[in-house]
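Residue numbers (the numbering used here): 2 to 468.
We put the CB at the ideal spot given by N, CA and C, even for glycine.
One structure below.
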Ligand SMILES: Nc1ncnc2c1ncn2[C@@H]1O[C@H](COP(=O)(O)OP(=O)(O)OP(=O)(O)O)[C@@H](O)[C@H]1O
Ligand SMILES: [Mg+2]
């Protein structure tokens, strides 16, 4: 588990500034971990302090959430509060947040199991490939195909018994020693990579058409899962290379080795105890002063969300999940409405407020060049594929930052998103004309280039913005 300092450092790689917000979420995350180490009794008492992040548009609120998601080893989902106000959103199904979180949790726990059973699954898959190769790539014919086999599975009849029976019925008379030898040789050959392109047959489950149309109708039920695997799965044989077959068989063996009951139990525990839900655009469901109409539904959404944030039990297809100890982080620009426009009960559930600051010219400069995925790095890498090596002078970076800053001041303030627009415009000519049909050339982006290209692309008044 990362320390708050490490969390901030990890966020620093992508987000410039906003130190308060980073610290606050880092502490909240670490507190989840601290709480998990306490006695049951103590833990029950400690309810997470939900956070609300407030700050203008385009300064990193959503970005912090996105990066956080990749950082934490906890079930995490991000939802837009506006989703629940959308016309046609049946029953404003806010419970779907918790169902989505459970899905995330199940995925997480499953991945852990995959790692745990990996070696065993690989060995089992290898054995099956050896069997297949010894049988000219074909799946051995079982005497009792499909129906009976499925029934036997249903009543827990041992699989190996069935297989042995099938083998005997092929009437092989070879001595066990001979068989052993053959198998060992084949295993050696397989491991040396001799058979990677041989063709083997594997059984894959056929995608059930029914499910898709159910999904299209918005019905969130998987028929197969509903019947808990009682229905024999529809399968078909596919001919694939050993290399591909191995992946399929490993996946199959992994599934066999995964105890789904245990996965679900762990996943519920994880979702309840360390789940994090990021509610973005929360300002959009706040009332904005006396205007009738949409406000009613906005307040309705707040009232719907309230019990979830306060702590309640939500039914999911994996069973009931309690929301009492989940951490909620909300974010919003709040330039039309204010936090105090949220219904008081909801405000009360977000005791920690953190303000994100408007970005400065220096921030813009750093955003252009410093983050791991910095805009300038992205464009440079893209154009390099067409043999153009972009060189930005320090002055030009500064000029882009200034230009962005003043453009934001003078027209709509869209924060760092402005940088994307500007750089895209700036490089439009090059992006359009680059063909890659020449050896690598350097193209220097300096102030002169900027002046020429920004004004040309409709962003007038460059001179006014650049000082
Ligand atoms: N502080 C920052 N450091 C690095 N990149 C940033 C920063 N702020 C914004 N960006 C970049 O600007 C874009 C918009 O940022 P983000 O989505 O976080 O805005 P936001 O604060 O959620 O705004 P909104 O209120 O409109 O939702 C993203 O591409 C993001 O990478
Ligand atoms: Mg956002």
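Under a 10 Å Cβ-count criterion, residue 364 is classified as buried, with 16 or more other Cβ atoms of the shown protein chains found around its own Cβ.
The beta carbon of residue 133 sits closer than 6 Å to those of 201, all from its chain and outside the five residues before and after it, given in chain order. Note that the C-beta distance between residue 355 and residue 21 is below 9 Å. Cβ contact annotation for residue 314 (same chain, cutoff 8 Å, sequence separation greater than five): 321, 322, 323, 324, in chain order. Sequence-distant partners of residue 303 (beyond 5 residues in either direction) whose C-beta falls short of 7 Å from its own C-beta, in its chain, are 286, 343, 344, 347. Comparing alpha carbon positions, the residue from 448, 128, 416, 441 closest to residue 60 is 416.
Excluding the 5 residues flanking it on each side, residue 306 has same chain C-beta neighbours closer than 6 Å at 95, in chain order. The shortest C-alpha to C-alpha distance from residue 427 to any of 47, 447, 414, 298 is the one to 447. One alpha carbon belongs to residue 196, the other to residue 319, and they sit about 42 Å apart. Judged by DSSP in its simplified three-state form, residue 436 adopts coil rather than helix or strand. Relative to ligand 1, even the nearest heavy atom lies 8 Å or more away from the CB of residue 318.
In this chain, residue 237 is not harboured by any alpha helix (DSSP H); it is covered by the beta strand (DSSP E) spanning 236 to 242. Assigned with DSSP and collapsed to three states, residue 308 falls in helix. For residue 330, the CB contacts under 6 Å within the same chain, skipping 5 residues up- and downstream, are 52, 279 in chain order. Secondary structure of residue 85 (DSSP, three-state): helix. The stretch 265 to 283 makes contact with the stretch 97 to 112: 3 or more CB pairs, one atom from each, lie closer than 8 Å. For residue 54, the enclosing beta strand (DSSP E) covers residues 52 to 55. When secondary structure is reduced to three states using DSSP, residue 29 falls in the helix class. In this structure, residue 23 sits away from residue 333, with a CB-CB distance that is not shorter than 9 Å. In this structure residue 272 is in contact with residue 76, their Cβ atoms being roughly 5 Å apart against a cut-off of 8 Å. The alpha carbon of residue 252 has as its nearest neighbour, out of 412, 432, 122, the alpha carbon of 122. With distances taken between CA atoms, residue 262 lies nearest to 107 out of 107, 400, 454. Looking only at 57, 46, 2, the smallest Cα-Cα distance to residue 31 is reached by 2. DSSP, reduced to helix, strand and coil, places residue 354 within a strand of the structure shown. Residue 412 sits exposed, since fewer than 16 C-beta atoms from the chains shown fall within 10 Å of its C-beta. Positions of the alpha helix (DSSP H) runs, each at least 4 residues long and wholly inside the stretch 394 to 448, are given as 395 to 411, 418 to 427, 429 to 434 in order along the chain.
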